[in-house]
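Chains as they are written, first to last, in this note's numbering: chain A, 28 to 247; chain B, 28 to 247.
Yeah, the Cβ is synthetic: ideal placement off N, Cα and C, and Gly gets one too.
Fair warning: this is a prediction, and the values are worked out from it, not measured in the lab.
Written below as structure tokens is the structure these notes are about.
There are 2 protein chains.
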Amino acid sequence: MIRLEEIDKYYSSKFQRIFVLKGINLEIEQGEFISIMGPSGAGKSTLLNIIGLLDEPSEGAYYFYDEPVHKLKEKKKTEYHRNHIGFIFQAYHLIEDLTVYENIETPLLYKGVKGKERKAIVADLLDRFNIVAKKDLFPQQLSGGQQQLVGIARAIAGKPNLLLADEPTGNLHTDQGKMIMDLLKQLNEEGMTIIQVTHNQEFANYGSKIINIVDGMVEE
Amino acid sequence: MIRLEEIDKYYSSKFQRIFVLKGINLEIEQGEFISIMGPSGAGKSTLLNIIGLLDEPSEGAYYFYDEPVHKLKEKKKTEYHRNHIGFIFQAYHLIEDLTVYENIETPLLYKGVKGKERKAIVADLLDRFNIVAKKDLFPQQLSGGQQQLVGIARAIAGKPNLLLADEPTGNLHTDQGKMIMDLLKQLNEEGMTIIQVTHNQEFANYGSKIINIVDGMVEE
Ligand SMILES: Nc1ncnc2c1ncn2[C@@H]1O[C@H](COP(=O)(O)OP(=O)(O)OP(=O)(O)O)[C@@H](O)[C@H]1O
Ligand SMILES: Nc1ncnc2c1ncn2[C@@H]1O[C@H](COP(=O)(O)OP(=O)(O)OP(=O)(O)O)[C@@H](O)[C@H]1O
Ligand SMILES: [Mg+2]
Ligand SMILES: [Mg+2]
């Protein structure tokens with residue numbers, strides 16, 4: 028489903044080229060549940076952003092369902108991202124002037140889901156995450172963990188084929204973290220391919236495979 | 028050093044009053060190292076913001092060094108905050124248009140520290156946290172964990188009497204989290220009073236006491 032070949036990502040300043048990812052080769056099959064770990068600054072978020080079509084590699088090839096997506100135009104990448112991918116951001120990136128309800132509903136609007144079904148999906152997620160009372164509030168009125176839960180709900184609402192989760196439990200209490208991981212495990216058993224970045228060893232073990240990234244390279 | 032008496036914090040909407048903190052009574056002595064724990068939405072950040080003079084209680088009294096600070100004007104509170112308190116924010120709140128170096132240096136400028144000494148303090152922190160290479164970058168060019176480290180460096184640069192840390196290790200790898208907690212322990216042994224909010228049981232145990240907040244109240 029996902030094939031990365033010799034992916035490099037660097038930033039060029041006037042005097043030097045800072046390599047963030049070097050020679051990444053990766054193959055991920057449909058239905059897998061992968062955990063990516065590594066120190067701060069290793070390049071994990073950068074890698075996830077490239078897989079999620081939110082960022083471009085500087086060199087190398089990315090085949091998504093065998094299609095060379097690194098060659099696609101911006102518009103086509105955005106379409107792929109919206110139709111196939113759910114993304115849980117490390118810094119949440121909720122829309123500040125939309126309510127909790129509207130934030131979760133957004134991917135369903137893009138997918139053209141009918142009003143009645145949208146209502147049911149959002150209501151179910153608000154209930155599962157115990158944030159029904161917050162549905163009409165705005166992101167700045169929520170606690171850190173509540174914002175993270177809204178980010179998770181938004182990412183899974185559209186039942187994407189591929190879920191990319193960047194530190195999905197960083198601001199959650201251990202019980203809530205477990206609740207989220209059990210939910211991800213269930214979604215994976217129902218067919219969702221999941222790639223998570225996590226610093227939590229216990230939660231990393233929910234995946235079938237752990238990939239370690241150190242200094243921009245996959246550690247063998 | 029810190030005495031909270033019958034602190035309430037609520038938000039009023041047209042139909043109801045949402046209580047975030049109810050009847051909080053707390054006494055914290057100089058030199059203590061306290062850990063606050065509890066579920067998402069419990070009111071922990073809200074409590075820390077009130078203690079840090081960044082937010083006001085709706086009811087009740089707050090004595091800081093025996094002074095009724097809840098009665099102070101905005102300007103006086105800001106002065107207290109800058110002279111006595113270091114704050115590590117759950118969402119970092121770095122200044123986007125200042126470099127890493129300038130972000131860390133900011134509290135030292137407020138304290139009137141001389142140029143040569145400022146240079147030494149910032150250089151030492153960049154080195155300790157292994158982010159010297161990032162000193163001229165801006166916050167958006169850093170990884171999540173790197174931003175968190177800059178937030179921590181900024182909070183402790185001015186050697187404040189009181190350090191308030193809201194989830195200081197949420198985005199750090201376990202080893203880096205331990206490095207930060209060992210540093211906090213050392214600062215506490217040198218006299219700094221520390222109150223941290225954390226979801227991490229292991230790191231909570233670095234404190235001498237754990238306070239549990241559930242639904243806006245201290246759990247006895
Ligand atoms: N402006 C506001 N209007 C309404 N409710 C608010 C507002 N600001 C905060 N709240 C509510 O206050 C409650 C406590 O928030 P707080 O940020 O203190 O939680 P917390 O214990 O730090 O949680 P976390 O562990 O998730 O960071 C939340 O339920 C939040 O929705
Ligand atoms: N625009 C940029 N210019 C220069 N360096 C950058 C830029 N964007 C990112 N970087 C660097 O890329 C590196 C990797 O960042 P990334 O966010 O992928 O790390 P990470 O592994 O997700 O770390 P964390 O666990 O802290 O979230 C960091 O060292 C960062 O400073
Ligand atoms: Mg990251
Ligand atoms: Mg909080």
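### Message
Less than 8 Å between CB atoms is the rule here; does residue 200 of chain B satisfy it with respect to chain A?
### Response
Position 173 of the second sequence, counting from 1, holds the residue named residue 200 of chain B. The beta carbon of residue 200 of chain B sits closer than 8 Å to some beta carbon of chain A.
### Selection of the segment 97-126 of chain B by Cβ proximity to chain A, strictly under 7 Å
Look at the segment 97-126 of chain B: the residues with a C-beta under 7 Å from a C-beta of chain A are 117 and 118.
### Message
Residues of chain A with CB closer than 7 Å to the CB of residue 173 of chain B, please, in chain order.
### Response
For the purposes of this step, residue 173 of chain B is identified with residue 146 of the second sequence, where counting begins at 1. Proximity of chain A to residue 173 of chain B at the Cβ level (cut-off 7 Å) is accounted for by 67 and 68, in chain order.
### Task
For residue 39 of chain B, return the contacting residues in chain A, with the cut-off set at a CB-CB distance below 8 Å.
As a working note, residue 39 of chain B is residue 12 in the second sequence. One finds nothing in chain A with a Cβ atom closer than 8 Å to the Cβ of residue 39 of chain B; even the nearest lies about 13 Å away.
### Message
With a threshold of 7 Å (Cβ to nearest heavy atom), would residue 223 of chain A be considered close to ligand 2?
### Response
Within the first sequence, residue 223 of chain A is the residue found at index 196, counting from 1. For ligand 2, not one heavy atom lies less than 7 Å from the Cβ of residue 223 of chain A.
### Message
Could you check if residue 198 of chain B belongs to the surroundings of ligand 2, using beta carbon to heavy atom distance under 7 Å?
### Response
As a position in the second sequence, residue 198 of chain B is number 171, starting the count at 1. Taking 7 Å as the cut-off, one finds at least one heavy atom of ligand 2 near enough to the beta carbon of residue 198 of chain B.
### Task
Say whether chain A places a C-beta atom closer than 8 Å to the C-beta of residue 85 of chain B.
Translated into the one-based positions of the second sequence, residue 85 of chain B becomes position 58. Not an interface residue.
### Message
On the criterion of 16 or more Cβ atoms from any shown chain inside 10 Å, does residue 16 of chain A qualify as buried, or is it exposed?
### Response
Summary: the structure shown does not reach residue 16 of chain A, with chain A confined to residues 28 through 247, and so no result is reported for it.
### Query
Under 9 Å Cβ-Cβ, which residues of chain A neighbour residue 62 of chain B?
Looking up residue 62 of chain B in the second sequence gives position 35. In chain order: nothing, as chain A lies at least about 13 Å away.
### Query
Under 8 Å between C-beta atoms, does residue 170 of chain B make it to chain A?
Taking the second sequence and counting its residues from 1, one reaches residue 170 of chain B at position 143. With 8 Å as the cut-off, residue 170 of chain B counts as an interface residue toward chain A.
### Message
Using a Cβ distance threshold of 8 Å, determine whether the segment 167-176 of chain B contacts the segment 83-101 of chain B, with at least three qualifying pairs required.
### Response
With the cut-off at 8 Å, the segment 167-176 of chain B and the segment 83-101 of chain B do not touch.
### Query
Beta carbon of residue 40 of chain B: closer than 7 Å to some heavy atom of ligand 6?
Ligand 6 is not among the ligands present in this structure, which contains only ligand 1, ligand 2, ligand 3 and ligand 4.
### Message
With the cut-off set at 8 Å, would you say residue 85 of chain B and residue 146 of chain B are in Cβ contact?
### Response
By 1-based counting over the second sequence, the position of residue 85 of chain B is 58. By 1-based counting over the second sequence, the position of residue 146 of chain B is 119. Taking 8 Å as the Cβ cut-off, residue 85 of chain B and residue 146 of chain B do not qualify as a contacting pair.
### Query
So which residues of chain B does residue 203 of chain A contact, with C-beta pairs closer than 8 Å?
Residue numbering aside, residue 203 of chain A sits at position 176 when the first sequence is read from its first letter. The answer, in chain order, is 66 and 67.
#### Entry: First and last residue of the uninterrupted alpha helix (DSSP H) at residue 202 of chain B
For this step, residue 202 of chain B is matched to residue 175 along the second sequence. From DSSP, the alpha helix (DSSP H) with residue 202 of chain B extends over 201-216.
### Task
Check each candidate in A:75, A:129, A:130 and A:208 and name the one with the smallest Cα separation from residue 238 of chain A.
In the first sequence, counting from the first residue as 1, residue 238 of chain A sits at position 211. Of A:75, A:129, A:130 and A:208, the residue nearest in Cα terms is A:75.
### residue 208 of chain B versus B:134, B:154, B:241 and B:233, residue with shortest Cα-Cα distance
What you label residue 208 of chain B is simply residue 181 of the second sequence in a count that begins at 1. Per the C-alpha coordinates, the member of B:134, B:154, B:241 and B:233 positioned closest to residue 208 of chain B is B:233.
### Query
Just how far apart, CA to CA, sit residue 214 of chain A and residue 93 of chain A?
Within the first sequence, numbered from 1, the residue matching residue 214 of chain A stands at position 187. Within the first sequence, numbered from 1, the residue matching residue 93 of chain A stands at position 66. Straight-line Cα distance between these residues: approximately 24 Å.
### Query
Since residue 170 of chain B contacts residue 67 of chain A with CB under 8 Å, what's their CB separation in whole angstroms?
Taking the second sequence and counting its residues from 1, the one referred to as residue 170 of chain B is at position 143. Taking the first sequence and counting its residues from 1, the one referred to as residue 67 of chain A is at position 40. So it is a contact: roughly 6 Å between Cβ atoms.
### Task
May I have a chain-ordered list of the alpha helix (DSSP H) segments no shorter than 4 residues that lie completely inside the segment 100-148 of chain B?
Unbroken alpha helix (DSSP H) runs of no fewer than 4 residues, entirely contained in the segment 100-148 of chain B, are found at 101-111 and 127-137, following chain order.
### Message
On the DSSP letters alone, give me the boundaries of the alpha helix (DSSP H) that residue 178 of chain A sits inside.
### Response
Counting from one through the first sequence, the residue named residue 178 of chain A turns up at place 151. Note, residue 178 of chain A: alpha helix (DSSP H), 171-184.
#### Entry: 6 Å Cβ shell around residue 80 of chain A - same chain, five flanking residues per side excluded
Translated into positions along the first sequence, residue 80 of chain A becomes position 53. Cβ neighbours of residue 80 of chain A beyond the five flanking positions: 104, 107 and 108.
### Task
Take residue 186 of chain B as the anchor and find which of B:193, B:95 and B:132 has the nearest alpha-carbon.
By 1-based counting over the second sequence, the position of residue 186 of chain B is 159. Looking at the Cα atoms, B:132 is the closest of the given residues.
### Query
Is any beta-carbon of chain B found at less than 8 Å from that of residue 194 of chain A?
Reading the first sequence from its first residue, position 167 is the one you call residue 194 of chain A. At least one chain B Cβ lies under 8 Å of residue 194 of chain A.
### Task
May I ask whether a heavy atom of ligand 4 can be found less than 7 Å away from the beta carbon of residue 242 of chain B?
Start at 1 with the first residue of the second sequence, and residue 242 of chain B comes out as number 215. Residue 242 of chain B: no, Cβ never under 7 Å from ligand 4.
### Query
So is residue 52 of chain A buried or exposed if we call it buried at 16+ other beta carbons inside 10 Å?
Looking up residue 52 of chain A in the first sequence gives position 25. Under this definition residue 52 of chain A is an exposed residue.
### Query
Can we count residue 178 of chain A as close to ligand 2, meaning its CB is less than 7 Å from some heavy atom?
The residue you call residue 178 of chain A lines up with position 151 of the first sequence. Answer for residue 178 of chain A: no, Cβ out of range of ligand 2.
### Query
Mind pulling the chain E residues with CB within less than 7 Å of residue 72 of chain B?
Structure shown: chain E not included; protein chains present are A and B.
### Query
Going straight from the alpha carbon of residue 83 of chain A to that of residue 65 of chain A, what length do you get?
The count along the first sequence starts at 1 and reaches residue 83 of chain A at position 56. The count along the first sequence starts at 1 and reaches residue 65 of chain A at position 38. Using only the alpha carbons, I get a separation of about 21 Å.
### Message
Let me confirm a value: residue 44 of chain B is counted as buried when at least 16 other C-beta atoms fall within 10 Å, else exposed. Which label applies?
### Response
Here residue 44 of chain B is taken as the residue at index 17 of the second sequence, counted from 1. Exposed, because fewer than 16 other Cβ atoms sit within 10 Å of the Cβ of residue 44 of chain B.
### Query
From B:199, B:229 and B:244, pick the residue whose C-alpha is nearest to that of residue 69 of chain A; which is it?
The residue labelled residue 69 of chain A in the question sits at position 42 within the first sequence. If we check each option's Cα against that of residue 69 of chain A, B:199 comes out closest.
#### Entry: Length of the line joining the Cα atoms of residue 250 of chain B and residue 189 of chain B
Missing from the structure shown is residue 250 of chain B; chain B here goes from 28 to 247 and no further.
### Message
Taking 7 Å as the cut-off, is the C-beta of residue 71 of chain B nearer than that to any heavy atom in ligand 1?
### Response
Mapped onto the second sequence, residue 71 of chain B falls at position 44. Yes, the beta carbon of residue 71 of chain B sits closer than 7 Å to at least one heavy atom of ligand 1.
### Query
Taking contact to mean at least 3 C-beta pairs separated by less than 8 Å, is the segment 113-126 of chain B in contact with the segment 150-157 of chain B?
Contact annotation: the segment 113-126 of chain B does not touch the segment 150-157 of chain B, with fewer than three C-beta pairs closer than 8 Å.
### Query
If you scan the segment 66-91 of chain A from start to end, which runs of the beta strand (DSSP E) of 3 or more residues do you find wholly inside it?
List check, beta strand (DSSP E) in window: 86-91.
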